[in-house]
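Student: Below: one structure in structure tokens.
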Amino acid sequence: MSDESTREEGGAQPEEQSENPTPDETAIRWQSDVKFIAKLVAVTYVGFAILGLVTGVSTNEIAGFLATVTFYAAVFALLALALNLHWGYTGLFNIGVVGFMAIGVYTFAILTASPEASPAGLGLPMVVGVIGGTLAAALAGAVIALPALRVRADYFAIITLGFSEIVRLSITSGSLRQVEVNDRVYGTGGGSGIRYDPVDGVVTWLLELPGFEQGGEALYQVAALVNVTSSVVDRFLYAVILMIFIVLFYLLLTRIARSPFGRVLKAIREDEIAARSLGKRTQVTKIKVFMVGTALMGLGGILWLGSRSLVSPDGLMPVITFYIFVALIIGGSGSNTGSVVGAFVFAAFLWEGPRFIRTIARTNLDYRPTGTIYDAFVELAALDPMPLIGYLIGSLDELRWILLGTVLVVLMIKRPKGLLGERKEIAAATDLSHRPRGETDE
Amino acid sequence: MFNQQRFSNVSAQDLFGYILLAGIVVLALDLVRRLVMGTLAPGTLWALTWNGFVDSLYIGLAAIGLSMTYSILQFANFSHGDLVTAGAFGGWTVAYIIGGIGAAGFGSRLLLDADGGAQAGALGMDIVSSPLALLVGLVAAALITIGIALAIDRLVYKRMRRAGGIPLLIASIGVALALRYLIALVYTVDSRGIVASAPFVGPLEVHELAVVGSLLSAVGVEWNIGPVNLHEATLVISALALIIGVHLLLQYTKLGKSMRAMSDNRDLALVTGIETERVITATWVIGAGLAGVAGYLIVLDQSQISINFGWFLLLLIFAAVILGGIGSIYGALAGALIIGLTINVSLIWIPSDLNEVAAFMLMIMVLIFKPDGLLGGVETA
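Chains as they are written, first to last, in my numbering: chain A, 418 to 859; chain B, -4 to 376.
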């Protein structure tokens, strides 16, 4: 839990919540938001840790779980922020997020993989790969945006989903698997993918730098005191690096949102024809913002999928897009803080939470794995619930999906605006829709 | 929100039409060249066209339902593919329970051989060995899917009737995930073959084949049809019968008229006193029933069943609906024919793992340049 303390230092300022912040208030709100997120994270981590300790899960497993939660919360936050730029700010319903992630991470892989490997890469430094992948995703965004942004929202959704499937099927295809150039075999590797040095190798590289050497050693030793292995510490450190990216994404998005460009985005979301009739070049604006968003998605894809040493089409299924949508919807689209909060809640409770329950069950329950759900119910009829519990724990992945789908449906019915949805930044300087309440004073 | 952008005097739509036409002409010429040069056997072309027709039938069955929900409930239903899956699992479970009595344990049959205890061959799950069980399964596939769709409508969509296209779309994605993994929870995620190998009759002379054959022999086509796959024949006959049935229903019943009225102009339909909820229920009954049957027939033809197959089919179904113009069931059928032929005949030019890419490309082009569909916005005529 090394990162909690670092996150706590953000803001201990008196908070002030109001419906429509002036620019000055936004600064104060930003600090209170950091405080809110830090509190949420701390409470969740302490909760999980206590739950784990009470039920006898080893400290290394608890720390490993929290590292995984932090990692997923961070990558989902990055992608949810990128999606928020498209959907929350501009109203572009892009459900092909995974396609742009794929282009980012595959470009990264081809640029950085070793020239001796099969399929071969260009062997360029990691930084070049990250920048190249991000640019490639931006370019792909332009290719899609130029023609597609004229269509209706639901058509646009289908186009982007079709695009992400075209990317995945092309990567899988045998015809792009091996491309021979100058006696070297390049290509996507088809179903078996490309091997490369993962981006989280940056942690090892950092810890070998002169200034950080002792710090790293000390961290490892402190962790060893509570039986936490160095690999878990490395994963925490990578998650901390991801958090730096979250802050950068967040700053970029708030900067965009408060610029004249951002006001055009919100105007497009609310009434594109009105925005155009005021002389705003909405098409150009949409293409630009779509490219920025897809670039961030490409970068998010590299930071997430690139941290494994292998990328293959199996990791690029269209459902990944929906994880990010759920994260964004939980938090409330239109709100950057909501995106981060939603990503954390999603990662901790929907994504990794069920796995923690499985870990607890494994340490504590003596359940027998059964063959099928039918056998389990037959045993249940004989008043033995353990086989059914065993079956359900064994099918936890499926249960998690069911939970995910149900949460999505319930949110759309009960709280379509999400947890922080009322924080959506409106296009007008004052909220015209809430006039009669008399609350707004500007 | 759609606006027409014009490139000088020719609209983008016209331009796209010309390019598409030119492309088709070039491909047709190349096809003729290949046939003349002998690099493409007529039999191969016939086989690909036939496969395209068969594929278009099940895509078309599913597309009718998607098109109807799209125009009457006014949202893109992303759970439609999983209704196809649900129909396949439901229908085949019933077929297994009835057809495999005595041949395998009830638990294995109920879970469609999830534990390897009810092999399709041992149970004789083909149309000749157990025709009754397979027929009951077909009906059950429709009924079970209708039940599921109505339950989902009651639980989810009914509460958001006024919620606009995008919230409904997102909710339908949630429904799709929940439904798919509920099926997975019961039947496991393993893909497996659950139909015994298809029985054949034949080979037949062309003129022996009922409708298609007599048409072909009338124009002087005289080559022999290879052995006829009875499972494929079942698919073709059931699908055609259902399509004709839906046509009659929509054209000649009061219900059909109200449905067409509602998809043409919702407000006008309301003013004339059409009961919306009744029409919506009918939409789900027809749409889900056809989707369930489509799923059942796909598995009959291809033998493999997995929890994902409906979801992977969904984009092709969308492609068919969009090509035909959303709201028109004849358009959806025409679109399905185009998609079916595209994914099969395109194999002449491109490798087999890229045929769906070609279909999706076609779909995206149509969405961008001719969003009313190739047939030009005929609404449920």
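All C-beta atoms, glycine included, are put in the ideal place defined by N, C-alpha and C.
If you're wondering where the values come from, they're calculated on a predicted model, not measured in any experiment.
#1: Could you please give the first and the last residue of the uninterrupted alpha helix (DSSP H) stretch that includes residue 53 of chain B?
#2: Hey, would you say residue 558 of chain A sits closer than 8 Å to residue 522 of chain A, going by beta carbons?
#3: Alpha carbon to alpha carbon, how far is residue 582 of chain A from residue 238 of chain B? Give it in angstroms, no decimals.
#4: By the criterion of Cβ-Cβ separation under 7 Å, what are the contact partners of residue 343 of chain B in chain A?
#5: Starting from residue 603 of chain A and walking both ways along the beta strand (DSSP E), at which residues does that stretch end?
#6: Should residue 319 of chain B go down as buried or exposed, given a rule of 16 or more other Cβ atoms within 10 Å for buried?
#7: At the level of alpha carbons, what is the spacing between residue 12 of chain B and residue 759 of chain A?
#8: Between A/459, A/543, A/475, which has its C-alpha nearest residue 776 of chain A's C-alpha?
#9: Cβ atoms of residue 538 of chain A and residue 526 of chain A: under 8 Å apart, would you say?
#10: What residue does the beta strand (DSSP E) around residue 533 of chain A start on, and which one ends it?
#11: Between which two residues does the beta strand (DSSP E) carrying residue 630 of chain A extend?
#12: Can you find at least 3 beta carbon pairs, one from the region 145 to 157 of chain B and one from the region 825 to 834 of chain A, that sit closer than 8 Å?
#13: State the DSSP-derived secondary structure class of residue 251 of chain B, mapped to helix, strand or coil.
#14: If you follow the beta strand (DSSP E) that residue 942 of chain A is in, where does it begin and where does it stop?
#15: According to the Cβ coordinates, are residue 348 of chain B and residue 586 of chain A closer than 8 Å?
#16: If residue 507 of chain A sits next to residue 685 of chain A, beta carbons under 8 Å apart, how far is it from one beta carbon to the other, in whole angstroms?
#17: Under a CB-based cut-off of 8 Å, is residue 726 of chain A close to chain B?
#18: Just to confirm, is the Cβ distance from residue 453 of chain A to residue 740 of chain A under 8 Å?
#19: Out of curiosity, what's the CA-to-CA distance linking residue 147 of chain B and residue 101 of chain B?
#20: 8 Å is my cut-off, CB to CB: does residue 647 of chain A come that close to chain B?
#21: Measure from the alpha carbon of residue 99 of chain B to the alpha carbon of each residue in B/281, B/115, B/84, B/86, then state which is nearest.
#22: Within its chain, find whatever has a CB closer than 8 Å to the CB of residue 609 of chain A; leave out the 5 residues flanking it on each side and keep chain order.
#23: Can you tell me whether residue 249 of chain B is buried or exposed? The criterion is at least 16 other CB atoms within 10 Å of its CB, across all chains shown.
#24: Could you check what DSSP says for residue 695 of chain A in three-state terms: helix, strand or coil?
#25: Is residue 13 of chain B close to chain A, meaning its C-beta is less than 8 Å from at least one C-beta of that chain?
#26: Rounded to whole angstroms, what's the CA-CA distance from residue 663 of chain A to residue 715 of chain A? Just pull it up for me.
#27: Taking C-beta to C-beta, are residue 756 of chain A and residue 498 of chain A nearer than 8 Å?
#28: Alpha carbon to alpha carbon, how far is residue 835 of chain A from residue 751 of chain A?
#29: For the alpha helix (DSSP H) holding residue 586 of chain A, just list the boundary residues, first then last.
#30: Cβ of residue 833 of chain A less than 8 Å from any chain B Cβ?
#31: Starting from the Cα of residue 766 of chain A, find the closest Cα among A/704, A/816, A/674 and give me that residue.
#32: Here's the rule: buried if 16 or more other CB atoms are within 10 angstroms of the residue's CB, otherwise exposed. What is residue 456 of chain A?
#33: Pairing CB atoms from the region 479 to 492 of chain A with CB atoms from the region 649 to 656 of chain A, are three or more of them under 8 Å?
#34: Please list the residues of the region 99 to 116 of chain B that have a C-beta atom closer than 7 Å to any C-beta atom in chain A, keeping them in chain order.
#35: In chain order, what residues of the same chain have a beta carbon less than 7 Å from the beta carbon of residue 284 of chain B, not counting five sequence neighbours either side?
#36: Apart from the five residues just before and just after residue 496 of chain A, which ones in its own chain have a Cβ nearer than 7 Å to its Cβ?
Tutor: Here's the rundown:
#1: Mapped onto the second sequence, residue 53 of chain B falls at position 58. Segment 37 to 67, the alpha helix (DSSP H) holding residue 53 of chain B.
#2: In the first sequence, the residue the question calls residue 558 of chain A occupies position 141. In the first sequence, the residue the question calls residue 522 of chain A occupies position 105. Not a contact, by the Cβ cut-off of 8 Å.
#3: The count along the second sequence starts at 1 and reaches residue 238 of chain B at position 243. The count along the first sequence starts at 1 and reaches residue 582 of chain A at position 165. Those two C-alpha atoms are separated by around 29 Å.
#4: Position 348 of the second sequence, counting from 1, holds the residue named residue 343 of chain B. The contacting residues do not exist; residue 343 of chain B stays about 15 Å from chain A at best.
#5: Position 186 of the first sequence, counted from the first residue, corresponds to residue 603 of chain A. For residue 603 of chain A, the enclosing beta strand (DSSP E) starts and ends at 601 to 603.
#6: Counting from 1 along the second sequence, the entry for residue 319 of chain B is found at position 324. Residue 319 of chain B should be labelled buried.
#7: Numbered from 1 along the second sequence, position 17 holds the residue referred to as residue 12 of chain B. Numbered from 1 along the first sequence, position 342 holds the residue referred to as residue 759 of chain A. Near 44 Å, if we compare the C-alpha coordinates of residue 759 of chain A and residue 12 of chain B.
#8: Numbered from 1 along the first sequence, position 359 holds the residue referred to as residue 776 of chain A. Ranking A/459, A/543, A/475 by Cα distance to residue 776 of chain A puts A/475 first.
#9: Position 109 of the first sequence, counting from 1, holds the residue named residue 526 of chain A. Position 121 of the first sequence, counting from 1, holds the residue named residue 538 of chain A. Yes, the pair counts as a contact, with Cβ atoms nearer than the cut-off.
#10: Here residue 533 of chain A corresponds to residue number 116 of the first sequence, with the count starting at 1. Note, residue 533 of chain A: premise wrong, no beta strand (DSSP E); not H, not E.
#11: Here the question's residue 630 of chain A lines up with position 213 in the first sequence. Counting along the chain, residue 630 of chain A falls outside any beta strand (DSSP E), though it belongs to the alpha helix (DSSP H) covering 630 to 642.
#12: yes
#13: Numbered from its first residue, the second sequence carries residue 251 of chain B at position 256. Looking at residue 251 of chain B - three-state DSSP - the assignment turns out to be helix.
#14: Missing from the structure shown is residue 942 of chain A; chain A here goes from 418 to 859 and no further.
#15: Translated into positions along the second sequence, residue 348 of chain B becomes position 353. Translated into positions along the first sequence, residue 586 of chain A becomes position 169. Yes, they are a contact pair.
#16: The residue labelled residue 507 of chain A in the question sits at position 90 within the first sequence. The residue labelled residue 685 of chain A in the question sits at position 268 within the first sequence. About 5 Å; that satisfies the 8 Å criterion.
#17: As a first step, residue 726 of chain A must be located in the first sequence, where it is residue number 309. No - not a single Cβ of chain B is within 8 Å of the one on residue 726 of chain A.
#18: To locate residue 453 of chain A, count along the first sequence from 1; it is residue 36. To locate residue 740 of chain A, count along the first sequence from 1; it is residue 323. Not in contact: residue 453 of chain A and residue 740 of chain A (Cβ atoms no closer than 8 Å).
#19: Within the second sequence, the letter at position 152 stands for residue 147 of chain B. Within the second sequence, the letter at position 106 stands for residue 101 of chain B. Rounded to whole angstroms, residue 147 of chain B to residue 101 of chain B spans 28 Å at the Cα level.
#20: Working through the first sequence from its first residue, we reach residue 647 of chain A at position 230. No, because no Cβ of chain B sits closer than 8 Å to the Cβ of residue 647 of chain A.
#21: Here residue 99 of chain B refers to the residue found at position 104 when the second sequence is read from its first residue. That would be B/115, whose Cα lies nearest to the Cα of residue 99 of chain B.
#22: As a first step, residue 609 of chain A must be located in the first sequence, where it is residue number 192. Counting only Cβ-Cβ distances below 8 Å, and skipping sequence neighbours, we find 729.
#23: Here the question's residue 249 of chain B lines up with position 254 in the second sequence. Residue 249 of chain B comes out exposed.
#24: Here residue 695 of chain A corresponds to residue number 278 of the first sequence, with the count starting at 1. Coil, per DSSP.
#25: For this step, residue 13 of chain B is matched to residue 18 along the second sequence. Judged by the 8 Å Cβ criterion, residue 13 of chain B is not in contact with chain A.
#26: Looking up residue 663 of chain A in the first sequence gives position 246. Looking up residue 715 of chain A in the first sequence gives position 298. Those two C-alpha atoms are separated by around 14 Å.
#27: The count along the first sequence starts at 1 and reaches residue 756 of chain A at position 339. The count along the first sequence starts at 1 and reaches residue 498 of chain A at position 81. Yes, Cβ-Cβ distance for residue 756 of chain A and residue 498 of chain A is below 8 Å.
#28: Along the first sequence, read from residue 1 onward, the residue named residue 835 of chain A stands at position 418. Along the first sequence, read from residue 1 onward, the residue named residue 751 of chain A stands at position 334. Computed Cα separation, rounded: 10 Å.
#29: As a position in the first sequence, residue 586 of chain A is number 169, starting the count at 1. From DSSP, the alpha helix (DSSP H) with residue 586 of chain A extends over 570 to 589.
#30: Sequence index remark: in the first sequence, residue 833 of chain A carries index 416 (1-based). Taking Cβ atoms only, chain B reaches closer than 8 Å to residue 833 of chain A, which makes this a yes.
#31: Residue numbering aside, residue 766 of chain A sits at position 349 when the first sequence is read from its first letter. Ranking A/704, A/816, A/674 by Cα distance to residue 766 of chain A puts A/816 first.
#32: Mapped onto the first sequence, residue 456 of chain A falls at position 39. Exposed.
#33: yes
#34: 102, 105, 106, 109, 110
#35: Counted from its first residue, the second sequence places residue 284 of chain B at position 289. Same-chain partners within the cutoff: 137, 140, 141.
#36: By 1-based counting over the first sequence, the position of residue 496 of chain A is 79. Taken in chain order, the residues that qualify are 514, 714, 717, 741.
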